[in-house]
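Comments concern the structure below.
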Amino acid sequence: MKRTLTVLSAVLLCTACAPTATTGGGPEGQPISMSAPATSVAPSMSAGGRSQALGGTVPPTSGIAWDEESKREAAQVATRAMADYARPGTDAALWANDFARWLTPQATADYSTVDPANISVNRVTGPAVLAVDEANGYGVTVTVPTDIGPYALQLLRTSKDSTWKVNRLTPPSDR
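This note's numbering puts the first residue of the sequence shown at 27, with every later residue one more than the last.
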């Protein structure tokens, strides 16, 4: 009985991992192929004979173009948010209220349990540096130098006229 159970288990295990049948399942009893058919058709920028993008090219941005004001505002928000974050001796309620004004709703939830007494950074030590993706005006990564090393802040906005908000802070990699 024990041997029969072992053999049955092995058979079930093997059949569970085996590929599905390749016959009888297609239209009019034709075999089903498991691999993608080979094609030699070049990709098209059109749908039904009409161009999907003006001039047949992809637009240069995804909705919001970068300008100097956007870059300046992102750098200011990142620096101010980091300055409010880097206050380990502050009362927890005051710290949370001051820091929350810079955060996205998700980040507010994520950082709501942080105790400022456990924060090791004390101050911002230099100007923020943006890593701008010119094709995406909705988000940017900003590096802010601090007394313990550079923090990376992910900032997001929902429109050109909306305020930049911090979505994530990443401490220096050696911490």
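From the three backbone atoms N, C-alpha and C, an ideal C-beta is built for every residue, glycine too.
Legend entry - Residue span of the beta strand (DSSP E) that contains residue 229, given as start and end: Since the first residue of the chain shown is 27 and the last is 201, residue 229 is not available in this structure.
Legend entry - residue 173 classed as buried or exposed, judged by whether at least 16 other C-beta atoms fall within 10 angstroms: For the purposes of this step, residue 173 is taken as residue 147 along the sequence shown, with counting starting at 1. So residue 173 ends up on the exposed side.
Inset, instruction - Inspect the beta-carbon positions of residue 24 and residue 108 and report whether they are closer than 8 Å. - result: With the chain running from 27 to 201 in the structure shown, residue 24 is simply not present.
Legend entry - Buried or exposed (CB count within 10 angstroms, at least 16 for buried), residue 120: Taking the first residue of the sequence shown as 1, we reach residue 120 at position 94. Its Cβ having fewer than 16 others within 10 Å, residue 120 is exposed.
Inset, instruction - Please specify which runs of the beta strand (DSSP E), each continuous and at least 3 residues long, are wholly inside the region 111-189, giving them in chain order. - result: The region 111-189 contains these whole beta strand (DSSP E) runs: 155-157, 165-172, 175-182.
Legend entry - Residue from 189, 176, 161 whose Cα sits closest to the Cα of residue 155: Translated into the one-based positions of the sequence shown, residue 155 becomes position 129. Of the candidates 189, 176, 161, the one whose C-alpha sits nearest the C-alpha of residue 155 is 176.
Legend entry - Burial state of residue 49, where buried means 16 or more other Cβ atoms lie within 10 Å: Sequence index remark: in the sequence shown, residue 49 carries index 23 (1-based). Residue confidence for residue 49 is low, a pLDDT of 48 falling below 50, so the modelled location carries little weight; the figure read from the coordinates is stated next. Classification for residue 49: exposed.
Inset, instruction - Go ahead and label residue 135 buried or exposed: buried means 16 or more other beta carbons lie within 10 angstroms of its beta carbon, across all protein chains shown. - result: For the purposes of this step, residue 135 is identified with residue 109 of the sequence shown, where counting begins at 1. Looking at its Cβ environment, which holds fewer than 16 other Cβ atoms inside 10 Å, residue 135 is exposed.
Inset, instruction - Report the partner residues of residue 191 according to the DSSP bridge assignment. - result: Walking along the sequence shown from the start, residue 191 turns up at place 165. Per DSSP, the beta bridge partners of residue 191 are 182.
Legend entry - C-beta contact flag for residue 168 and residue 104 at 8 Å: For the purposes of this step, residue 168 is identified with residue 142 of the sequence shown, where counting begins at 1. For the purposes of this step, residue 104 is identified with residue 78 of the sequence shown, where counting begins at 1. Taking 8 Å as the cut-off, the Cβ atoms of residue 168 and residue 104 count as close.
Legend entry - Cβ-based neighbour list, residue 178, same chain, cut-off 7 Å, excluding 5 preceding and 5 following: For the purposes of this step, residue 178 is taken as the residue at position 152 of the sequence shown. For residue 178, where only same-chain residues beyond five positions count, the Cβ hits under 7 Å are 167, 169, 196.
Inset, instruction - To the nearest angstrom, report how far apart residue 158 and residue 117 are at their CA atoms. - result: The residue given as residue 158 occupies position 132 in the sequence shown. The residue given as residue 117 occupies position 91 in the sequence shown. Within the model, the alpha-carbon separation for residue 158 versus residue 117 is close to 35 Å.
Inset, instruction - Would you kindly work out how many angstroms separate the C-alpha atoms of residue 164 and residue 132, rounded to a whole number? - result: On the sequence shown, position 138 is the one that residue 164 refers to. On the sequence shown, position 106 is the one that residue 132 refers to. Roughly 16 Å between the two C-alpha positions.
Legend entry - Contact set for residue 130: own chain, Cβ-Cβ below 8 Å, skip 5 residues either direction: Here residue 130 refers to the residue found at position 104 of the sequence shown. These residues qualify, in order along the chain: 182, 191, 192, 193.
Legend entry - residue 60 classed as buried or exposed, judged by whether at least 16 other C-beta atoms fall within 10 angstroms: Position 34 of the sequence shown, counted from the first residue, corresponds to residue 60. Only weak support exists for where residue 60 lies, its pLDDT of 49 falling under 50; the coordinates are left without a value.
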